[in-house]
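Take a look at the structure below.
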Amino acid sequence: MKINPELNQKQQARFLYWQGWAIRKISQLMDLPESTISSWKNRENWDDASPLDRVNNSLEARLQQLIFKDDKDGKDFKEIDLLGRQLERTARIERYKGGGNEADLNPNVQNRNKGPRKPPEKNAVSDEQQLQLVDAFQEGLFGYQRIWHKAGLAHRIRNILKSRQIGATYFFAHEAFIDALVTGRNQIFLSASKSQAHVFKQYIIQFAKDVAGVELRGDPIILPNGAHLYFLGTNIRTAQSYHGNLYLDEYFWIHKFQEFRKVASGMSSHKKWRQTYFSTPSAITHDAYPFWTGSLFNKGRAKADRISIDTSHAALVNGRHCDDGQWRQIVTVEDAERGGCDLFDIEQLKLENSPDEYTNLFMCQFIDDTQAVFPFTLMQRCMVDSWDIWSDFKPFAPRPLAYMPVWVGYDPSKGAGGDGAGCVVIAPPGVPGGKFRNIEKHRWHGMDYEAQAKAIKQITERYNVTFIGIDTTGLGDAVYQLVKQFFPMVTAFHYNPVLKQQMVIKAYDVISKGRLEFDTGWSDLSQAFISIRKTLTANGRQTTYQSSRSDEVSHADIAWATMHALYNEPVDHSCANTSMLEIYS
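In this note's numbering, each residue carries its 1-based index in the sequence shown increased by 861.
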């Protein structure tokens, strides 16, 4: 038995006595005279204390220890909440013993015969349900997520550069929800687009339902303790009155980030609010790069006040509080695996991706777009918040665009097994020279040609498809033959250097003039276009274009699929190309 140094000797002796220890044993353990302990026992009538008194004294002592603890963690707050509810329960027992009735033991009893019940409180979470949610959150964390959570308790600003698919959005959604339940603080979720921000919302709703059976509703979600959970895109200029903890997802893909951050950070200016920025890397030319490296801090400061921050992986792998007040960390997929994440097969990822792509997508290396045909600055012109500006597009409806015409582009896998095929649905402009909208995209892995043709057929059942363009190289020819059975007008593209050049020129013309739009959250589509490089054919006589990926597995598929659809527009923009001729070398 260990002595608790935070209790005085008399309290410690009393608790031991109530636990059944003999006075002689207590004397030996605490190195105190037996007479002293006997005097305490008789003077304070330890034997006369009821079981309830003994429990109350123990609860009070432990609660005081936790309240006065300086550096509390999540477990401490959880125990404080639990002990507080136990004190409420013992208080109801005391009222019952003092002449009360069953309603003192069970508050629900007093309302049993009062007529119609009040409707249940919206988004109500009982004490037991909250305990379930807190437990599930704590138990489901990987090692690196525990580091993030601890950093959030200790630092006001967290800035995390991360690998794709390591559960960052999932974790921060749950963390914010638990914080809102326990503290009553507001939570603000921002992302590159409103649809991306609503991923937070879906994670929270599903978490509450799966763990505790709680049905959360509303936008914003408002909890009974007054906490508001806001889910916003980048169009927040009219929402500056919001305040709360700020979570900004994929900030390296937000257009005009520095301007946007000035507005966003104003929502959490008070010292009690925390700010969390996390993203996969895009290009070093993005205006969020100075924010990540800390050079933005030096802007306008005297030379003596400027700082230099080491943002290498070696410096930030374990997380570090930097001189500009931000806590930074880099978490690669290999770091995540060491932190307990067993969701990846690292060796398989290296086989499926070229070295360049693996380092960008999974090892937190920034894109070098200096040789790209479609550099990042060009692709930013295409990024829009589709939920805000595409009022006629209803993505969850049986017919998302009603009967408006759409064009479909398909790019097959270049290797065996059907891995890495891409398909897009594009709404063409309604007037000559108008804008294309990329409204749907698919990456199909491990599907054979029959399954892919079936997926294309399902697209024709949801949209008024007037054009389908398919690259018939390799597996694409088998898909083309099946698609032709239900869509006889399908156009076949058989690649050669001249055709590829014409497609790239057409796409560049459309994009450079700001005529292509897609949701800002589609960072993979931007990456696909950025990966395309100008090169020479094997004989060195002609110019051609290739993605900077392995020849066997092309990850620019959704970019080429987009170009197949765009190529249906004639150069003069005067009318849609309806000739549907097959183009061969």
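Think of the CB as a built atom: it goes at the ideal place given N, C-alpha and C, for glycine as much as any other residue.
Buried or exposed by the 16-neighbour rule on C-beta atoms within 10 Å, applied to residue i
i	result
residue 1291	exposed
residue 1450	Since the first and last residues shown for the chain are 862 and 1446, residue 1450 lies out of range.
residue 1264	exposed
residue 1277	Low confidence applies here, because residue 1277 scores a pLDDT of 47, under 50, leaving its location unreliable; read the following figure in that light. Exposed.
residue 1350	exposed
residue 1270	buried
residue 1306	exposed
residue 1140	buried
residue 1175	exposed
residue 1045	exposed
residue 1359	exposed
residue 1450	Because the chain spans 862 through 1446 in this model, residue 1450 falls outside it and cannot be assessed.
residue 1312	exposed
residue 1018	buried
residue 950	exposed
residue 1179	exposed
residue 881	exposed
residue 1361	buried
residue 1387	buried
residue 1171	exposed
residue 1094	buried
residue 1137	buried
residue 1302	buried
residue 869	exposed
residue 1319	exposed
For residue j and residue i, believed in contact at Cβ under 8 Å, the rounded distance
i	j	result
residue 947	residue 920	6 Å
residue 1022	residue 1191	5 Å
residue 1393	residue 1417	6 Å
residue 1064	residue 1031	5 Å
residue 1181	residue 1296	Between residue 1296 and residue 1181 the Cβ distance is about 44 Å, and since that is not below 8 Å, they are no contact.
residue 1304	residue 1288	With 8 Å as the limit, residue 1304 and residue 1288 do not qualify as a contact, their Cβ atoms being about 20 Å apart.
residue 1104	residue 1126	The pair is not a contact, with the Cβ atoms about 11 Å apart (cut-off 8 Å).
residue 1058	residue 1092	5 Å
residue 1330	residue 1426	6 Å
residue 1124	residue 1042	About 28 Å; that fails the 8 Å criterion.
residue 1369	residue 1234	7 Å
Residue range of the beta strand (DSSP E) that includes residue i
i	result
residue 1140	1136-1140
residue 1302	1297-1305
residue 1268	1266-1272
residue 1378	1377-1380
residue 1023	1018-1023
residue 1108	1106-1110
residue 804	Outside the displayed range of the chain (862 to 1446) lies residue 804, so it cannot be described from this structure.
residue 1352	1352-1354
residue 1234	Residue 1234 -> no beta strand (DSSP E), and no H or E assigned at all.
residue 1286	1282-1288
residue 1192	1187-1192
Residue nearest to residue i in terms of C-alpha spacing, selected from the options
i	options	result
residue 1142	898, 1426, 891 and 1385	1385
residue 1111	1206, 1054, 1216 and 1082	1054
residue 924	944, 911 and 1345	944
residue 1197	1406, 1317, 989 and 1027	1027
residue 1322	1261, 1380, 1294 and 1298	1261
residue 1424	1186, 1294, 1104 and 1365	1365
residue 1380	1284, 1250, 1406 and 1346	1250
residue 1326	1268, 1282 and 1314	1268
residue 1229	1293, 1390, 1050 and 910	1390
residue 1195	1335, 930 and 1207	1207
residue 1286	994, 1050, 1419 and 1114	1419
residue 1382	1161, 895, 874 and 1052	1052
Run of the alpha helix (DSSP H) containing residue i, from where it starts to where it stops
i	result
residue 1223	That residue, residue 1223, is in no alpha helix (DSSP H); it is neither H nor E in DSSP.
residue 1037	1029-1044
residue 1174	1174-1177
residue 1058	1055-1073
residue 1249	1247-1250
residue 890	884-891
residue 1425	1418-1427
residue 992	988-1000
Min CB distance residue i to chain C below 9 Å
i	result
residue 873	Judged by its chain identifiers, the structure shown contains no chain C, having just a single protein chain.
Heavy atom of the ligand MG within 8 Å of residue i beta-carbon
i	result
residue 902	You won't find the ligand MG in this model; it holds no ligand whatsoever.
- Assess, as a yes-or-no matter, whether the region 1036-1043 is touched by the region 1142-1159 under the definition of 3 or more beta carbon pairs within less than 8 Å. no
- Item | Inter-stretch contact at 8 Å, needing at least 3 Cβ pairs: the region 1115-1131 / the region 1074-1088 | no
- State whether the region 1007-1018 contacts the region 1084-1094, with contact taken as three or more CB pairs (one from each stretch) at a distance under 8 Å. no
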